[in-house]
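Participant:
There are 4 protein chains.
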Amino acid sequence: MINISILGGSGYAGGEIIRILLNHPQVKIQQVTSRKFAGREVSLVHPNLRKLTDLTFIHPEKLSDCDLLFVALPNGDSMGIMKDLQKKAKKIIDLGADFRLHDAKTFTHWYQKEHLASTLLPKFVYGITELHRADLKKASFVACAGCEATVSILTLYPLIKHKIIKEKVIIDAKMSSSQAGMSPSLSTHHPERAGVVRSYMPSGHRHTAEIEQELSVFNKLEVAISATAIDMVRGLLVTIHTIPKDGMEEKDVWKAYRAEYKGEPFIRIVKELQGIYRYPEPKILQGTNFCDIGFELDKATNRLVLIGAIDNLVKGTAGQAVQSMNVMYGFKETTGLMFPGLHPI
Amino acid sequence: MINISILGGSGYAGGEIIRILLNHPQVKIQQVTSRKFAGREVSLVHPNLRKLTDLTFIHPEKLSDCDLLFVALPNGDSMGIMKDLQKKAKKIIDLGADFRLHDAKTFTHWYQKEHLASTLLPKFVYGITELHRADLKKASFVACAGCEATVSILTLYPLIKHKIIKEKVIIDAKMSSSQAGMSPSLSTHHPERAGVVRSYMPSGHRHTAEIEQELSVFNKLEVAISATAIDMVRGLLVTIHTIPKDGMEEKDVWKAYRAEYKGEPFIRIVKELQGIYRYPEPKILQGTNFCDIGFELDKATNRLVLIGAIDNLVKGTAGQAVQSMNVMYGFKETTGLMFPGLHPI
Amino acid sequence: MINISILGGSGYAGGEIIRILLNHPQVKIQQVTSRKFAGREVSLVHPNLRKLTDLTFIHPEKLSDCDLLFVALPNGDSMGIMKDLQKKAKKIIDLGADFRLHDAKTFTHWYQKEHLASTLLPKFVYGITELHRADLKKASFVACAGCEATVSILTLYPLIKHKIIKEKVIIDAKMSSSQAGMSPSLSTHHPERAGVVRSYMPSGHRHTAEIEQELSVFNKLEVAISATAIDMVRGLLVTIHTIPKDGMEEKDVWKAYRAEYKGEPFIRIVKELQGIYRYPEPKILQGTNFCDIGFELDKATNRLVLIGAIDNLVKGTAGQAVQSMNVMYGFKETTGLMFPGLHPI
Amino acid sequence: MINISILGGSGYAGGEIIRILLNHPQVKIQQVTSRKFAGREVSLVHPNLRKLTDLTFIHPEKLSDCDLLFVALPNGDSMGIMKDLQKKAKKIIDLGADFRLHDAKTFTHWYQKEHLASTLLPKFVYGITELHRADLKKASFVACAGCEATVSILTLYPLIKHKIIKEKVIIDAKMSSSQAGMSPSLSTHHPERAGVVRSYMPSGHRHTAEIEQELSVFNKLEVAISATAIDMVRGLLVTIHTIPKDGMEEKDVWKAYRAEYKGEPFIRIVKELQGIYRYPEPKILQGTNFCDIGFELDKATNRLVLIGAIDNLVKGTAGQAVQSMNVMYGFKETTGLMFPGLHPI
């Protein structure tokens, strides 16, 4: 049994960590901080947890020592205090963007600010278990991947590694509203946000950097992301347009995925000939830690279309963090993460 | 051709007035004010009007004289300046709540503030054309009804007048997000607002006062409103639970509605035996000035269930205002208001 | 460990039973039948269960003996075969309407057909644990309540029993599309069904009979239901308009609820002064077995508004059935049913 | 004043033609056919038209001669009867796919059936006014474009013609449920269709053929379409991933669009620096005949992302047909088509 605390527990990611860990048999939630809601019940902000916990938020200044600290702050807020946090907890899992990139210059390029703790960058393991399980077992510090990066990396990784596709991909991402976090604005105002197909970032998405870092295995990968927000609260789907290398057949794609993901508890290859859920579908992944992956080879246009889907707040954020924790502590990797998802929903 | 201006044109009601009047052959939009967007194009805020108008917002201080002024300010903001506005325009249509109630004390009771221009109250005609057409023809000042009051009054009026039902009604209102206006807040934040069935006002809705005022024809009407917000941007449906007087049959209900609404261009009685749109449905009223009304008499429980539906921003707000204007100036009453609505949508 | 089978496993209720029981430590799913999908994988129809089970549907004729049989057939289909089914399983939980009403005449009145097994009616216990826990412990046959009846009964029961309200209630129900089951029709066709506020049953809802049966404690309860379908896949909210007896105060309501539901694991009284989830909200109950209940006393109109919310497929159907099973077998009542729900969703 | 009839008026396209033409001052709707609903009121199927028309459906066998016949039948149904229809009407506008492709072999390749009237193919003008205005003026027979083809062609045409981009494009289309027509199926069943991000056609979309036909101006255009269905009833957005030719700048893109579309009443270039509707958005195009087009040049990845949006049932179908009709008869091109769209919606 370990004691964990959550720094920044009033956001959506923080809420999901609490939800998952309340049912984790080897974890006790010690403290959850919130500047704004200090002293208030956690269930005021996360109403699904009513009667399931009597946790109250504490002010971040009252954070005590713990075994593991989850940091769920806005991007840019953790790098300045990371050294102090490391005195409070021997192990830290940061869900923000600050420690994902190994290279401080790349960070500055994409986030338009200096990195305040670049010496710590090498100490962080990138938190996608499927790629870094061995490192995670020994890790003290983990930087969880961005949600869009997570699903893109998991979908592309076997095909890059096994040289199935050319190193030039276009990621057309369909995004949900929870990805923008909990702060209201006109762009998230229901009458303006409901029903949209909003091209909010046709190019220049920051997760490009993470994806290139993780997937530039043999050659530099060239990634172009276009992100479109649709009327969905939770969920993320990427349609990845790739060019297969000469002579590649469907069976080669299958082989690559099986080679890398056979035995992975949270990866499912979804490619059905029948039924109406023939490809990955975020709708039925809500609340789950699965990453579903599908593909279609189109010989007529010499294109391999990949499709990846996750719940952005679980496999894309909090579930990924708990999966990393399970690996770090040698707990069964699936503990707390086996909710199967709902149908219909 | 008359010159009209709109005081407060950046909100949803203001936007709808502009949309409707851009196609009105007897009206020229002279000025549209916005404190926040002064100097900016109207289509920045109302993107549906792109390329259809080159109007820009002006600061309210620059408001010139005009024939008719539409006032679309937040509740409570027009009463303090109404006397000054009357120097600018001989005719005024106020879309807010300030001049709807004839009695200043009732206003204070429901809005929890003193009325700042109670001497003007008797000069305002309540803007539901179907009830006050004769008065509107001579009116200089009009106070448009609240959206929830509009549909409730129109649905109930013939049955009260013809003594079909007892003077005690329960209005169960299903509301949309545009009714809350254009200001973002946590309660309108998409992840929190999408998919809700939110009992945001189980009792105590302010429109009670308007409904009682308009419908206490013979006896005091007792109105209990419960308002539930659902996942809908535009539209409003009321399910009104009433008790029929002894011996009332379906044909009496039909007779009452026909007596009052025969010839009304914007009222439709919807009660079909076939098809899937057997009762009023706000979905297909979006953009229209119709008020659809239906009913079902349940002898087993001695209850008459009434169903009324409108587009809250058109018949409930801007369309109602334009309909009043048409009557005031002797224009054809339906001018600019005959959009038929879309199906499917 | 018991062996259970599901007769009629390809519908939404059947799918939810499978989902819940796959994680139930004391239950093994032996067989799942489907006439239409016999021989096919269960996950073809219930895609959320991919990789989580290798169950395949069998034809109902191949049903073997088992400890407990869940029957999830369309209304009217189980009564004709119940005697045969009782040879297959000593315990049966029927999720349909056939055995809910104790009185065959009442059944005929509401369902417009003769009851084919009226002698079995007295053997069935009505499956709401909170009202019939003692009987369920000894029960062999259980008839689960209708979803709309479940939430209405749970919301009203303490107030009827403690004589807080008059025996005359109006239930305004907001319904979701999954309640109509899995058969496509024009009325469930997405372009026609999305965005509706459809008064599909202003009066005459069949669940009236169950509610009256369960709640006519001292006097005959008079129940009038109006059901409106809204744009929601899963969830159910009732706004119940009641009249408090003379002198009743809010504290009396609290007292009644506490008296009956203190210690109930799946009932929560939700009545908050702050936050945006101040009353029950089906949105955050998706996948959970909770019934959330709230109320507001409106002295101005002498009305007590009750609000109840559930997930129609869990507490309203499959979760209720599993909860009954847990009680019947002496398992911990909450086993398999503690999913906390998601926020945001 | 011309007399028009509609063959196949009970579908969504037929309904939209009726809606638009009811307000067209130079057109009289003579007959509307429906095999299934013959004898029934048009408003039974198109409930938005209640009280606005007393048209009833007639059986197609009762079709009389008329000036112009709109044919709105399922794909494949018009080619077999086209010769007969040409005896009924001198001018015909076909909204189906049968006469869009000039080449019978290409038709057979994509639609997997023989063309039954290939000799008529050369007589049909492809119905996109912006590309074929001169031909339409003289046309007797018009084949309206597919909705997905319409928006793709309009978005790409100027850039192909002015040699701004390479002849290899990827179209990532976000589709609505009304595109699938009015026939219910499990895939359109609300619980299954709501909330989806369904990769229903990752490759192989039939509209590829039309787009290649219209845009292979200098060289063969290579088009790869991936179509994803999202939770939207009406609307269509394409994100088109293209590669700019060497040295192309944003101003070249602007120049090409202006050169082709200056003066076009239904094309708007939408590329704003401020506001939340910075790019085309189908949400606010519902009911309109606009095609909104935007773009972003991403130098980092040498990519030009194009964004096009329409209402699939108006500019993509019925509005396009009426626009063609207006051109054919020399009516003002915008007649009946100037509904500005709603905001918010």
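Residue numbers (my numbering), protein chains in the order written: chain U, 1 to 345; chain Z, 1 to 345; chain D, 1 to 345; chain S, 1 to 345.
We treat Cβ as the ideally placed atom computed from N, Cα and C, and that holds for glycine.
Owing to the predicted nature of the structure, the values given are computational and were not obtained by experimental measurement.
Counting only runs of 4+ residues fully inside the segment 23-104 of chain S, write out the alpha helix (DSSP H) ranges in chain order.
Facilitator: The qualifying runs are 42-45, 82-88.
Participant: State the beta-bridge partners of methionine 201 (chain U) as determined by DSSP.
Facilitator: According to DSSP, methionine 201 (chain U) bridges with U:Ala227.
Participant: When we look at the beta-carbon of alanine 300 (chain S) and count the other beta-carbons within 10 Å, is it buried (16 or more) or exposed?
Facilitator: Its Cβ having fewer than 16 others within 10 Å, alanine 300 (chain S) is exposed.
Participant: Give the residues of chain D in contact with arginine 193 (chain S), contact being defined as C-beta atoms less than 7 Å apart.
Facilitator: Per Cβ cutoff of 7 Å: His190.
Participant: Among D:Arg268, D:Lys83, D:Lys91, whose alpha-carbon lies nearest the alpha-carbon of serine 118 (chain D)?
Facilitator: With distances taken between Cα atoms, serine 118 (chain D) lies closest to D:Lys83.
Participant: Quick one: grab the DSSP three-state call for leucine 154 (chain S).
Facilitator: In this structure, leucine 154 (chain S) counts as helix in the three-state DSSP scheme.
Participant: So which residues of chain U does lysine 51 (chain D) contact, with C-beta pairs closer than 7 Å?
Facilitator: By Cβ distance, chain U contributes Arg268.
Participant: Determine whether the Cβ of alanine 154 (chain U) lies closer than 8 Å to any Cβ atom of chain Z.
Facilitator: The sequence shown places leucine at residue 154 (chain U), not alanine. By this cut-off, leucine 154 (chain U) is not an interface position.
Participant: Given a limit of 8 Å on CB to CB distance, which residues of the segment 35-46 of chain S reach chain Z?
Facilitator: Residues Leu44, Val45, His46.
Participant: Cβ closer than 7 Å: which chain S residues qualify as neighbours of phenylalanine 339 (chain Z)?
Facilitator: Phe339, listed in chain order.
Participant: Return the CA-CA distance between threonine 129 (chain S) and alanine 97 (chain S), expressed in angstroms with no decimal places.
Facilitator: Rounded to whole angstroms, threonine 129 (chain S) to alanine 97 (chain S) spans 17 Å at the Cα level.
Participant: Just to check my reading of the structure: serine 176 (chain S) and valine 233 (chain S) have Cβ atoms closer than 8 Å, yes? What is that Cβ distance to the nearest angstrom?
Facilitator: Their Cβ separation, rounded to whole angstroms, is 6 Å, which keeps serine 176 (chain S) and valine 233 (chain S) in contact under 8 Å.
Participant: Within the 8 Å Cβ cut-off, does methionine 350 (chain D) reach chain Z?
Facilitator: Here chain D covers residues 1 to 345 and nothing more, so residue 350 (chain D) does not appear.
Participant: Using a Cβ-Cβ cut-off of less than 7 Å, give me the residues of the segment 149-178 of chain D that come near chain S, in sequence order.
Facilitator: Here the close residues are Ser177, Ser178.
Participant: Between histidine 109 (chain U) and chain S, is the shortest Cβ-Cβ distance under 8 Å, so that the two count as touching?
Facilitator: It does not; no Cβ of chain S falls within 8 Å.
Participant: Listing by chain order, which chain D residues have their CB less than 8 Å from the CB of leucine 186 (chain S)?
Facilitator: In chain order: Met182, Pro184.
Participant: Measuring alpha carbon to alpha carbon, tell me which residue in U:Met338, U:Ile345, U:Met325, U:Thr334 is nearest lysine 348 (chain U).
Facilitator: An answer regarding residue 348 (chain U) cannot be provided, because it is not within the stretch 1 to 345 covered by chain U.
Participant: List the endpoints of the continuous alpha helix (DSSP H) containing histidine 241 (chain U).
Facilitator: Element bounds for histidine 241 (chain U): not the alpha helix (DSSP H) but the beta strand (DSSP E), 236-242.
Participant: Could I get the ranges of all uninterrupted alpha helix (DSSP H) runs contained in the segment 143-190 of chain Z, with 4 residues as the minimum, in chain order?
Facilitator: List check, alpha helix (DSSP H) in window: 147-161.
Participant: Smallest Cα separation from serine 43 (chain D): which of D:Ile153, D:Asp65, D:Gly15?
Facilitator: Ranking the options by Cα distance to serine 43 (chain D), first place goes to D:Gly15.
Participant: Does the contact criterion of 3 or more C-beta pairs under 8 Å hold for the segment 200-220 of chain U versus the segment 157-176 of chain U?
Facilitator: Enough Cβ pairs lie closer than 8 Å, so yes.
Participant: Look at the alpha carbon of asparagine 289 (chain D) and the alpha carbon of glycine 11 (chain U), and state the distance between them as a whole number of angstroms.
Facilitator: Each residue's Cα considered, the two are about 25 Å apart.
Participant: Just to confirm the assignment, what range does the alpha helix (DSSP H) spanning glutamate 296 (chain D) have?
Facilitator: Here glutamate 296 (chain D) belongs to no alpha helix (DSSP H); instead the beta strand (DSSP E) covers 291-298.
Participant: Would glycine 316 (chain U) be called buried (16 or more neighbouring beta carbons within 10 Å of its own) or exposed?
Facilitator: Glycine 316 (chain U) is buried by the Cβ-count criterion.
Participant: Go to alanine 321 (chain D), then tell me how far its alpha helix (DSSP H) extends in each direction, as first and last residue.
Facilitator: First-last of the alpha helix (DSSP H) with alanine 321 (chain D): 319-329.
Participant: List the residues of chain S that glutamine 274 (chain Z) touches, going by C-beta distances under 8 Å, in chain order.
Facilitator: By Cβ distance, chain S contributes Leu44.
Participant: Please classify lysine 283 (chain S) as buried or exposed, where buried requires at least 16 neighbouring CB atoms within 10 angstroms.
Facilitator: That one is buried.
Participant: Beta-carbon within less than 6 Å of serine 226 (chain U)'s beta-carbon, same chain only, minus the 5 sequence neighbours each way: which residues are those?
Facilitator: These residues qualify, in order along the chain: Asp172, Pro202.
Participant: For glutamine 400 (chain D) versus threonine 335 (chain D), is the C-beta distance shorter than 8 Å?
Facilitator: In the structure as shown, chain D begins at 1 and stops at 345. Residue 400 (chain D) is therefore absent and cannot be evaluated.
Participant: Which residue comes first and which comes last in the beta strand (DSSP E) that contains valine 305 (chain U)?
Facilitator: From DSSP, the beta strand (DSSP E) with valine 305 (chain U) extends over 303-310.
Participant: 8 Å is my cut-off, CB to CB: does serine 203 (chain U) come that close to chain S?
Facilitator: Judged by the 8 Å Cβ criterion, serine 203 (chain U) is in contact with chain S.
Participant: Given this structure, state the Cα-to-Cα distance separating lysine 105 (chain S) from isoleucine 93 (chain D), to the nearest angstrom.
Facilitator: Taking the straight line joining both Cα atoms gives about 60 Å.
Participant: To the nearest whole angstrom, what separates the beta carbons of alanine 309 (chain Z) and proline 280 (chain Z), a pair I think is in contact under 8 Å?
Facilitator: Yes, alanine 309 (chain Z) and proline 280 (chain Z) are in contact; Cβ-Cβ is about 4 Å, under 8 Å.
Participant: Going by the CB atoms, is the gap between alanine 72 (chain U) and alanine 13 (chain U) shorter than 8 Å?
Facilitator: It is a contact, given that the beta carbons lie within the stated cut-off.
Participant: Does DSSP put tyrosine 279 (chain D) in a helix, a strand or coil?
Facilitator: In this structure, tyrosine 279 (chain D) counts as coil in the three-state DSSP scheme.
Participant: For arginine 133 (chain S), which of S:Leu337, S:Gly204, S:Gln320 has the nearest alpha-carbon?
Facilitator: Ranking S:Leu337, S:Gly204, S:Gln320 by Cα distance to arginine 133 (chain S) puts S:Gln320 first.
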